[in-house]
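To start, the structure under review is shown below, and the notes come after it.
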Ligand SMILES: [Zn+2]
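Numbering (our numbering), first residue to last: 83 to 693.
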């Protein structure tokens, strides 16, 4: 504590006259799963967000703001560090089973999270969270002096805005007046399950019996066979189903805005002009509401998922301004620090730009022309009316869906463009993307791990195959018939690989892993012989749907001393198995099965993250 106080004092002394005035307190409102166009300030004709609209009018509205990734776990590290590449910062999900979720990830000393930076500058730090992943014992949670996770049942899946705001107001009123407060609030109301506060949608679709199609939690009660394979598939929604789905979302957003109104009014009671309080509002990602046949937040990178609100008001912010250029999540931390008059720590770097001067004026012109999306299995750039994405070369996703993809973006619709005639535009966007991300990604991947001490798995999504390897792409779902599976060779099902036919060559795969020697096992589920006559649908489900491995056939001890593991999967193994991953166990460790922690499974199931 002494060190921290001393540092704060040094900052005060060293920062000159401006820093002698205490910086304003900060309330950071994170609306999980909230897309920009559903706020009335962003054009929704329904009055969903009067309180946020007023806040935007009192401050700056960043009209074209984009999340750097499609979901909570990929997005939060980028938002909170201002860096495109960063390992997991949230509470445990399936530890050691995703390249960004490894327990042996190395902390990058040149990256820092917002709560840690503000704590080190003398802020009192407190958080209230409605999301099980936004937790005290995570890298994001640890810098907070006070952290509250709201209680909720597994069936609810997440906390509610009303008790969250109650706690926020209580913490706000009880704050010490000697130090500024950083209060982080994580709302989950726009995430499924979306309960209707009055039992009916507030923007009901006339003459539509929603109870015949949807649950009281806003989830489709039809098409289970389809969504068992892909929960984002909404190609069977009618226009009225879509309208209801959107009405429930808007209801939940309006309800949240009413709760936020209570908080904002409690803050204005003490600080009517928000002179001593900066309020930041944004979302980790958006939500697709049936446009283009998708719901929730898949990695479609469509605007429904990526375009999110960003409002900054209070403190020195010049009121009533709009930033109409493109901004992105990596800009949020540098922009806020600039506004607070706090320079970045000298050993820390960010990728984003500050869009405020310390006086509270917007930088002119505000915003750029492109937003970048970065995660383990995609990188993409969104510029003008185009979205260009790249999938890792040699991955099944690249082999089966194309390594480079260009889409035209029209409002909430994303339409893939085909050659010929697109090469020049693809080339320009590819250069833009590589200039911005390639070196950052390379440096991150080269240095992200310490030596592992226990088993971890690398799912087939993250393998690379050689060009010579022959693999058929058969995305298995409820409509896949017997003939589509083929009779011989290796096949990618969309989840894993299996081999068909009596004999065939092995499958050569390569993985990027921490340098070392490993005992390697396949991680698979068994596949029985398909039935001759009846029961194919059941067999298909049993063979291809489970994504938790139950068998671990050994493949030997292999050397990955250069950080790359190369191996051959024997066809005989592939014939009786759906191989989902490879399990690597370092010397001295006992092979174990990474998975979701007990107590986590039920709430995560309600949120749709585990089967
Ligand atoms: Zn989220």
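All residues carry an ideal CB built from backbone N, CA and C; glycine is no exception.
- For residue 177, there is no enclosing beta strand (DSSP E), as DSSP marks it with neither H nor E.
- In this structure, the beta-carbon distance from residue 459 to residue 475 does not fall below 8 Å.
- For residue 326, the shortest separation between its Cβ and any heavy atom of ligand 1 does not lie below 7 Å.
- Cα atoms of residue 375 and residue 327: separation of roughly 12 Å, rounded to the nearest angstrom.
- For residue 454, the uninterrupted beta strand (DSSP E) segment begins and ends at 452-457.
- Residue ranges of uninterrupted alpha helix (DSSP H) with 4 or more members are absent from the segment 257-306; none lies entirely inside it.
- In the three-state scheme derived from DSSP, where H, G and I count as helix and E and B as strand, residue 636 is classed as strand.
- In its chain, beyond the 5 residues on either side, 129, 130, 131, 135 have a beta carbon closer than 6 Å to the beta carbon of residue 122.
- When secondary structure is reduced to three states using DSSP, residue 685 falls in the helix class.
- Taking 8 Å as the cut-off, the beta carbon of residue 605 is found no closer than this to the beta carbon of residue 647.
- The beta carbons of residue 305 and residue 318 sit about 5 Å from each other, so the pair counts as a contact at 8 Å.
- When secondary structure is reduced to three states using DSSP, residue 380 falls in the coil class, being assigned neither helix nor strand.
- Under the three-state reduction of DSSP, residue 505 is assigned to helix.
- Here the distance from the Cβ of residue 217 to the nearest heavy atom of ligand 1 is not below 7 Å.
- With a cut-off of 7 Å, the C-beta of residue 153 is classified as near ligand 1, since at least one heavy atom of the ligand falls inside that distance.
- Residue 562 sits close to residue 622, with the two beta carbons spaced by under 8 Å.
- Taking non-hydrogen atoms of ligand 1 into account, the C-beta of residue 688 is found less than 7 Å away from none of them.
- Taking residue 324 as the centre and dropping the five residues before and after it, the same chain places the C-beta of 372 closer than 6 Å to its C-beta, in chain order.
- A direct Cα-Cα distance of roughly 5 Å separates residue 151 from residue 455.
- Ranked by Cα distance from residue 538, the first of 493, 596, 529, 113 is 596.
- Three or more beta-carbon pairs separated by less than 8 Å are not found between the segment 173-182 and the segment 240-249, which leaves the two stretches without contact.
- Runs of the alpha helix (DSSP H) lying entirely within the segment 388-460, each at least 4 residues long, are 414-422 in chain order.
- For residue 254, DSSP assigns no beta-bridge partner whatsoever.
- For residue 199, the uninterrupted alpha helix (DSSP H) run begins and ends at 196-202, by DSSP.
- It is roughly 13 Å from the alpha-carbon of residue 650 to the alpha-carbon of residue 580.
- Here residue 405 is buried, its C-beta having at least 16 other C-beta atoms within 10 Å.
- Contact between the segment 145-161 and the segment 281-301 is absent: fewer than 3 CB-CB pairs across the two stretches fall below 8 Å.
- Every beta strand (DSSP E) stretch that sits fully inside the segment 582-647 and reaches 3 residues is listed by chain position as 589-594, 598-608, 636-642.
- For residue 230, the enclosing beta strand (DSSP E) has its first and last residue at 228-231.
- By a beta-carbon distance limit of 8 Å, residue 186 does not contact residue 155. Their separation comes to about 18 Å.
- Proximity to residue 378 across 445, 312, 413 peaks at 312, based on C-alpha coordinates.
- Per the DSSP secondary-structure output, residue 107 pairs in a beta bridge with 359.
- Cβ-Cβ distances below 8 Å link residue 251 to 344, 345, 348 in the same chain, with the five nearest sequence neighbours on each side left out; the list follows chain order.
- Ranking 449, 493, 169, 204 by CA distance to the CA of residue 370 puts 493 first.
- In the DSSP secondary-structure assignment, residue 370 is bridged to 378.
- For the pair residue 436 and residue 417, the CB atoms are nearer than the 8 Å cut-off.
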